[in-house]
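This report refers to the structure that appears directly beneath it.
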Amino acid sequence: MSINRFTSISLLMLLIISCSNPPKDDPNAISPPRSPEDERESFQLEPGFEIQLVAAEPMVQEPVAIQFDEDGRLWVVEMRGYMTDIQGSDEDKPIGRISILEDMNGDGEMDKSTIYLDSLIMPRSLGLFSGGALVAENNALWVTKDLDGDLKADSKVLLDSTYSSNGVVEHTDNGFVRNIDNWYYSAKSRLRYRLVGDEWIRDSTEFRGQWGISQDDKGRLIYNYNWSQLHGDLVPANYLSRNPNHTASTGIDHGLTIDRRIYPIRSNLAINRGYIPGTLDDQGRLLEFTSACSPIVYRGKLFPEEYAGNIFVMENAGNLVKRNLVNENGNYLEANDPNPGREFLASTDERFRPVHGSTGPDGALYIVDMYHGIVQHIAYMTEYLKEQTISRKLDAPVHMGRIWRIFPENRSRGKIEKLSEKSSSELVGYLSHKDGWYRDLAQRLLVEKQDLSIIPELKELALNSSYELGSFHALWTLEGMGQSDSEFLFELLNHDSELIQSSALRILDEQAENNLDLKDKFGKQMVQLVENAGEALDLQLALSSFALSTQDAQMVLSNLLRKRGQDPLIRDAMMSSLANREFDFLQAIWQTDDWGSNQSDQEIFLEMLTAAIVKKANKKEIKELLVLADQPEMGWKEQAVLASLAIQSANSPEKGFVSFNSEPAIFQRQDLPLENNRIEMLKSMFSWPGFNPKEAAISSGTLDEESMKQFAEGRQKFLVSCASCHGANGRGANRMGPPLVNSEWVLGDEKRLSLILLHGLEGPIEVDGKKYDAPEILPVMPSHSTMDDASIAAILTYIRNEWGNQATPVSRRTVGGMRVMTQGRVYPWSAPELNEHIENLEASASN
Numbered sequence: 050m051s052i053n054r055f056t057s058i059s060l061l062m063l064l065i066i067s068c069s070n071p072p073k074d075d076p077n078a079i080s081p082p083r084s085p086e087d088e089r090e091s092f093q094l095e096p097g098f099e100i101q102l103v104a105a106e107p108m109v110q111e112p113v114a115i116q117f118d119e120d121g122r123l124w125v126v127e128m129r130g131y132m133t134d135i136q137g138s139d140e141d142k143p144i145g146r147i148s149i150l151e152d153m154n155g156d157g158e159m160d161k162s163t164i165y166l167d168s169l170i171m172p173r174s175l176g177l178f179s180g181g182a183l184v185a186e187n188n189a190l191w192v193t194k195d196l197d198g199d200l201k202a203d204s205k206v207l208l209d210s211t212y213s214s215n216g217v218v219e220h221t222d223n224g225f226v227r228n229i230d231n232w233y234y235s236a237k238s239r240l241r242y243r244l245v246g247d248e249w250i251r252d253s254t255e256f257r258g259q260w261g262i263s264q265d266d267k268g269r270l271i272y273n274y275n276w277s278q279l280h281g282d283l284v285p286a287n288y289l290s291r292n293p294n295h296t297a298s299t300g301i302d303h304g305l306t307i308d309r310r311i312y313p314i315r316s317n318l319a320i321n322r323g324y325i326p327g328t329l330d331d332q333g334r335l336l337e338f339t340s341a342c343s344p345i346v347y348r349g350k351l352f353p354e355e356y357a358g359n360i361f362v363m364e365n366a367g368n369l370v371k372r373n374l375v376n377e378n379g380n381y382l383e384a385n386d387p388n389p390g391r392e393f394l395a396s397t398d399e400r401f402r403p404v405h406g407s408t409g410p411d412g413a414l415y416i417v418d419m420y421h422g423i424v425q426h427i428a429y430m431t432e433y434l435k436e437q438t439i440s441r442k443l444d445a446p447v448h449m450g451r452i453w454r455i456f457p458e459n460r461s462r463g464k465i466e467k468l469s470e471k472s473s474s475e476l477v478g479y480l481s482h483k484d485g486w487y488r489d490l491a492q493r494l495l496v497e498k499q500d501l502s503i504i505p506e507l508k509e510l511a512l513n514s515s516y517e518l519g520s521f522h523a524l525w526t527l528e529g530m531g532q533s534d535s536e537f538l539f540e541l542l543n544h545d546s547e548l549i550q551s552s553a554l555r556i557l558d559e560q561a562e563n564n565l566d567l568k569d570k571f572g573k574q575m576v577q578l579v580e581n582a583g584e585a586l587d588l589q590l591a592l593s594s595f596a597l598s599t600q601d602a603q604m605v606l607s608n609l610l611r612k613r614g615q616d617p618l619i620r621d622a623m624m625s626s627l628a629n630r631e632f633d634f635l636q637a638i639w640q641t642d643d644w645g646s647n648q649s650d651q652e653i654f655l656e657m658l659t660a661a662i663v664k665k666a667n668k669k670e671i672k673e674l675l676v677l678a679d680q681p682e683m684g685w686k687e688q689a690v691l692a693s694l695a696i697q698s699a700n701s702p703e704k705g706f707v708s709f710n711s712e713p714a715i716f717q718r719q720d721l722p723l724e725n726n727r728i729e730m731l732k733s734m735f736s737w738p739g740f741n742p743k744e745a746a747i748s749s750g751t752l753d754e755e756s757m758k759q760f761a762e763g764r765q766k767f768l769v770s771c772a773s774c775h776g777a778n779g780r781g782a783n784r785m786g787p788p789l790v791n792s793e794w795v796l797g798d799e800k801r802l803s804l805i806l807l808h809g810l811e812g813p814i815e816v817d818g819k820k821y822d823a824p825e826i827l828p829v830m831p832s833h834s835t836m837d838d839a840s841i842a843a844i845l846t847y848i849r850n851e852w853g854n855q856a857t858p859v860s861r862r863t864v865g866g867m868r869v870m871t872q873g874r875v876y877p878w879s880a881p882e883l884n885e886h887i888e889n890l891e892a893s894a895s896n
């Protein structure tokens, strides 16, 4: 849930803080609690909408998450032990609960509450299934069941003691979304779960987000971090992590927007870092997200058409909810604020704390308002925030909370259908419902029912529905029931929807991986499909190629490399399918006509293959790769392989682990196209009589062994994120970006360089004595703020020590510290402004 991202503050930062003036308080320093009626008057809502109270204390207290069940009842997780005082004294007490709320008269406000489960220690999330719920509490995951239908849990069995085991409420697993693939996924977690019959299956998956998780109509998982409002997966789960020799830089944890600007309508002095200059404006209002959480994809039809697929992000420290418009650009998702300057929902009540949301069965948007004065956990609370909290009397009262419902003005409330009363055949019809909530619930109920009599209906819907999303859910319902046979799936490969074709590939690749007869047929189909496939299908073809024979995989991937080799997402997808076959593929493409010229995307992919071969650490393959590069005339291919071998030597198991009987011929050449220190780095992987790199002095400039690993990682990330503008050789690209070679911006102050990547740079810039300006370069270098601190530090370490550059490495801590210090910065720097900022930092540090 949280709320403010905590990073260790360096001595320099403390010096700056001590010299700054804290924001001035507003005249109404104390923020007393308001009644629900008064709080409602505090809201500024986007024109054309109304907001209605659904529930309030004492019916709900400290609500943190909600889900609707198949009868439209609202399940509420109540974390009643969270920060009941400034010390967080009640966290270990069993005072939490899960309640089920019902609207008995249909007016939209809850009239009845049943406590499903009581005496819980810090409950945080739940995932519903027929007759029960997964419940996360007391740092574990439990399977709970209502055995007699009275809406009260009769059994509670431990499922996973490792779920939420970290113990710190802001940084442990939470949130459940039942994805289209029939797995339950969480935020801040590497775990997923699936109900098969009566047995719960646990599996590992990629790490995602911080608090809250949802999905869009195509099953893409959406999540965020408190400092970056919107992230998501561009590919299905567990594909890009298939290859242990390659770490993908795209596809998972994709930042949909770099826009962090928010527009509160009240002062926000009681935030963790309100004392840092630039965090608040001159009215004390928060400038950017500091506690983004629970992104909710609107998948209903009650709202006007332009709201379909919009994503709403909660910001409890800023007392607001932001709306994002989302566009598909090929396989990529991009988001933007449709109304800069005004939020979808904002409040003048400091206790309005939106922490979760959901689309309801009536098509309305439901907002969970914790209505709690303290939202920062004690583990990360600064002295400044403690003082603000106490002075503003935000530490009391507690055990309040509200749930709100937002719907269009002059629109009747959507009818809530009780799906538990529907027959299996009727539920098949709901798979084509225009509201995503009904499609999801119908799929879940059909999978749990396992009524095999409706298989023909499901197959007919998947094959011939005029509504793509109906076919989509029908197919994944069959998968969940274990009834997606290969003959039927092959038929679907001829469907006119690439979404359906891709789904069929996803299910088939698991079946074909260990079935030789099916593998051969699958390979032939994929070889045919790749000839005329569009972008979406090409992506899945790349991902599913892992299941093919080596020969078929090479045919599919070679075609994809020719068609889409410039796309970083396709390259990562291809690498994911080449686990332990990287060298075979490199040999296959080495002599092809498509590799006759030095194209940047080909060079990048060759480096990716080489890096994976080194990480795999097969001595025979590395020897053969070195021999392959030893051509009489070394062109771009040979140079790319040698350079990558040198850089990736940092990731070899140990120095000299590949041995020769005598010095390799390539090291006897005088024309190796590498700098001397790179030749030494290349040699460090090899040994022969008379040469042991463990005893030789291998120069790597200013970098130690750990920094060299960072340098090697930075090269791979640079190729994906930076090479298109600055060139793989760092010499810049016409009409794109200035050179990085011998650049004082690269070699100079590491804090200044960090700020360029965090916020971007606009306008003219002078590099190595030459002025660059548009149109010679792009007018603005974009922010890379959605990248994590470690990735930014790796890129900076790399560019400071490549192409003849030599400078100290950049630490993750440095980047994180600068991110915190410039919280509130939402626009790119200009060169003069950035230089002045750094000068001011240095002056403050010296005082």
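Heads up: the sequence shown runs through residues 50 to 896, numbered per the numbering used here. Glycine included, C-beta positions come from ideal geometry on N, C-alpha and C.
Whose C-alpha, out of the options, is nearest the C-alpha of residue i?
i, options, result
"L524", "Q499, N543, I556", "I556"
"Y899", "V125, W124, D139", "It is not possible to answer for residue 899, since the shown part of the chain is limited to 50 through 896."
"P788", "C771, L658, W232", "C771"
"E755", "L94, L804, A699", "A699"
"F98", "V362, D156, T254, E392", "E392"
"D120", "A782, I100, E151, E111", "E151"
"P877", "T296, T863, S803", "S803"
"H482", "Q499, D500, G463", "G463"
"I619", "W639, T599, S598, Q651", "Q651"
"T846", "R861, P742, S832", "R861"
Answer yes or no: do residue i and residue j have a C-beta to C-beta separation smaller than 8 Å?
i, j, result
"K732", "F716", "yes"
"G450", "V109", "yes"
"F352", "N275", "no"
"D484", "G349", "yes"
"S701", "P738", "no"
"A637", "A591", "no"
"A341", "N368", "no"
"V226", "I452", "no"
Pull up the CB-CB distance for residue i and residue j, whole angstroms please, since I reckon it's below 8 Å.
i, j, result
"G779", "W852", "4 Å"
"I848", "V795", "5 Å"
"R334", "N365", "In fact, because the Cβ distance is near 15 Å, the residues do not count as touching under 8 Å."
"H421", "R400", "7 Å"
"H405", "V113", "6 Å"
"L480", "T526", "7 Å"
"M575", "D545", "Going by Cβ atoms, the distance from M575 to D545 rounds to 18 Å, so no, they are not a contact pair."
How many angstroms separate the CA atom of residue i from the CA atom of residue j?
i, j, result
"P76", "L279", "Residue placement at P76 is flagged as unreliable, the pLDDT there being 44, under the threshold of 50; the coordinate-derived value follows with that caveat. When rounded, the distance between both Cα atoms is 34 Å."
"E811", "R784", "14 Å"
"L336", "P107", "34 Å"
"E90", "S840", "44 Å"
"F117", "S80", "32 Å"
"I58", "T431", "Since pLDDT at I58 reaches only 37, below the 50 mark, its modelled position is unreliable, and no value is offered."
"A596", "A182", "35 Å"
"V496", "E517", "20 Å"
"I147", "L374", "33 Å"
"A892", "V859", "22 Å"
"N202", "D195", "The sequence as given places Ala at residue 202; Asn does not occur at that position. Roughly 4 Å between the two C-alpha positions."
"E111", "R801", "42 Å"
"V829", "G809", "7 Å"
"M624", "I314", "48 Å"
"T751", "N850", "8 Å"
"L768", "M363", "34 Å"
Which residue or residues does DSSP assign as beta-bridge partners of residue i?
i, result
"Q264", "L270"
"P326", "Answer by DSSP bridge pairing: none, since P326 is not bridged."
"R764", "According to DSSP, R764 bridges with nothing at all."
"P134", "For the record, residue 134 in the displayed sequence is Asp; it is not Pro. Bridge partners of D134: none, in fact."
Under 8 Å, Cβ to Cβ, is there at least one residue of chain B near residue i?
i, result
"F521", "Among the protein chains of the structure shown there is no chain B, as only one such chain exists."
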